[in-house]
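Numbering (full-length UniProt numbering), first residue to last: 1 to 110.
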Amino acid sequence: ITGWVEATPVRYDARSVSTGIAGRSLTADLIDCAAEPTQFNGRSLVQITQALAAPFGIEVVNNSAPSGVIPDVQPDHGETVIEVINKILGQQQALAYDDPHGRLVIGGIG
């Protein structure tokens, strides 16, 4: 997985010591951060997603995503990037998931 290390817990008792690594994909930034206040007109799902993910350096991969034009998308104040993307995914009947390289993959259903 390509992403962020968020914790390196160390556990120990009288007989052993162990350590671990906890982390998340690079796409976690899309969950944690607000979308920039922008209006998108006449762009596709992938184009809008690429624009929303660009400030975080996250690549968007088109895996048979719907290509129709979306008339108008505007993030609400304080809305996270993934909240904006999820609204569009529902309208377009598409899925988003991350891959082992930390990229956001957009694909159609079925």
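We put the beta carbon where it would ideally sit given N, CA and C, even for glycine. In this text, all values refer to a predicted model and were calculated from it rather than measured experimentally.
By the neighbour-count criterion, in which a residue is buried when 16 or more other Cβ atoms sit within 10 angstroms of its Cβ, Ile-106 is buried. For the pair Pro-75 and Asp-29, the Cα-to-Cα distance works out to about 16 angstroms.
Here the alpha carbons of Gly-57 and Asn-41 stand approximately 22 angstroms from one another.
Relative to Ser-18, the option among Arg-24, Val-10 and Ser-25 whose CA is nearest is Val-10. When the beta-carbon positions are compared, Leu-104 and Ala-34 stay at least 8 angstroms from each other.
For Thr-27, the number of other beta carbons within 10 angstroms of its own is at least 16, and it is reported as buried. Rounded to the nearest angstrom, the Cβ distance from Pro-66 to Gln-92 is 5 angstroms, consistent with a contact under 8 angstroms. For the pair Gly-102 and Ser-25, the CB atoms are nearer than the 8 angstroms cut-off. Cβ contact annotation for Asp-99 (same chain, cutoff 8 angstroms, sequence separation greater than five): Val-61 and Val-105, in chain order. Note that the C-beta distance between Ile-48 and Val-73 is below 8 angstroms.
DSSP places Leu-30 in the uninterrupted alpha helix (DSSP H) bounded by 28-32.
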